[in-house]
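Numbering (my numbering), first residue to last: -10 to 286.
Think of the CB as a built atom: it goes at the ideal place given N, C-alpha and C, for glycine as much as any other residue.
Every value quoted in this text rests on a predicted model; they were computed, and no experiment measured them.
Working notes, beginning with the structure itself.
So this is what it looks like as structure tokens:
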């Protein structure tokens, strides 16, 4: 019996070391952008250790890199991001050369399929879930991005935020890390400047609040989705809940003041700017005083 156990330990150790070697080799070629060598490593790795969690993340990275393409375009208007200006014979700007990122759908979806396999086998691997969310955001598939975040929020209540990361290492302070990361994804949506995506922000905020009702950042995010569409009462309501949770949160107090200002309730707006002065730092105090002066004109 002892001999059998020793054999099992040796086999398990060999598999682990083998997986680490494949991962090291893959990472080397990934950094070099050599997709031919990457595929060679992945094929050998899959033949020898088909359920290794790092195999799924590596396959995902391979397909993501392979699917990413840069397209050059010429236009008379300056595109967003970096561009090169073209000049005519008189030295005047005649146009611009810009570039945009495109993801080949077929190749991209192969990567999504691989990471989905990994998530199914290792549902606590938060790096897999976040990797998928990141890729969907890069591809500007905002509905898929939102849906995957919602799924992950729902699962966080099942595993009590007992997340793991690369090499199945436990993620310390799982809940705080998880919620902070979700805030970053909310900012991704907000920073697009696309008002149509406020609904996506709202969906995410509402889902978080189902499981984490005292999450002040999500109450603030929910508020923003209403304030920006002129629904001031709906926007102020979650902020008042946030104030009860943390009465000295200067950002919340400032947003409440702004909400009442937009609504046309100058008196209450001033009341909340005075609270900002009471609890804020030098910068927020100066801003609140400026706002009060304008409201009193």
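Identify which residue in the options has its Cα closest to the Cα of residue i.
i, options, result
"residue 51", "191, 19, 33, 35", "19"
"residue 119", "145, 94, 99", "145"
"residue 196", "49, 138, 107", "138"
"residue 167", "143, 35, 178, 185", "143"
"residue 240", "276, 140, 175", "276"
"residue 193", "161, 105, 178, 273", "178"
"residue 40", "273, 111, 270", "111"
"residue 219", "229, 200, 184", "184"
"residue 252", "224, 231, 267", "224"
"residue 126", "92, 105, 152", "92"
"residue 121", "104, 198, 132", "104"
"residue 217", "190, 54, 109", "190"
"residue 214", "141, 180, 199, 235", "180"
"residue 234", "243, 226, 266, 204", "204"
"residue 49", "99, 128, 17, 89", "99"
Return the bridge partner residues of residue i from the DSSP annotation.
i, result
"residue 58", "91"
"residue 153", "114, 159"
DSSP three-state call for residue i: helix, strand or coil?
i, result
"residue 14", "helix"
"residue 199", "helix"
"residue 236", "coil"
"residue 270", "coil"
"residue 164", "helix"
"residue 275", "helix"
"residue 130", "coil"
"residue 121", "helix"
"residue 182", "coil"
"residue 220", "coil"
"residue 285", "coil"
"residue 230", "helix"
"residue 41", "coil"
"residue 280", "helix"
"residue 253", "coil"
"residue 248", "helix"
"residue 243", "helix"
"residue 22", "coil"
Run the CB neighbour count on residue i, radius 10 Å, all protein chains shown included, and call it buried at 16 or more, exposed below.
i, result
"residue 206", "buried"
"residue 237", "exposed"
"residue 114", "buried"
"residue 303", "No statement about residue 303 is possible, as the shown extent of the chain runs from -10 to 286 and does not include it."
"residue 202", "exposed"
"residue 229", "exposed"
"residue 124", "buried"
"residue 116", "buried"
"residue 270", "exposed"
"residue 272", "exposed"
"residue 58", "exposed"
"residue 25", "exposed"
"residue 95", "exposed"
"residue 161", "exposed"
"residue 21", "exposed"
"residue 169", "exposed"
"residue 13", "exposed"
Could you tell me how far apart the beta carbons of residue i and residue j are, in whole angstroms, since I believe they sit closer than 8 angstroms?
i, j, result
"residue 42", "residue 157", "6 angstroms"
"residue 210", "residue 247", "Not a contact, Cβ separation roughly 15 angstroms."
"residue 164", "residue 150", "4 angstroms"
"residue 255", "residue 208", "So it is not a contact: roughly 24 angstroms between Cβ atoms."
"residue 45", "residue 31", "That belief does not hold up - the Cβ atoms of residue 45 and residue 31 are roughly 10 angstroms apart, past 8 angstroms."
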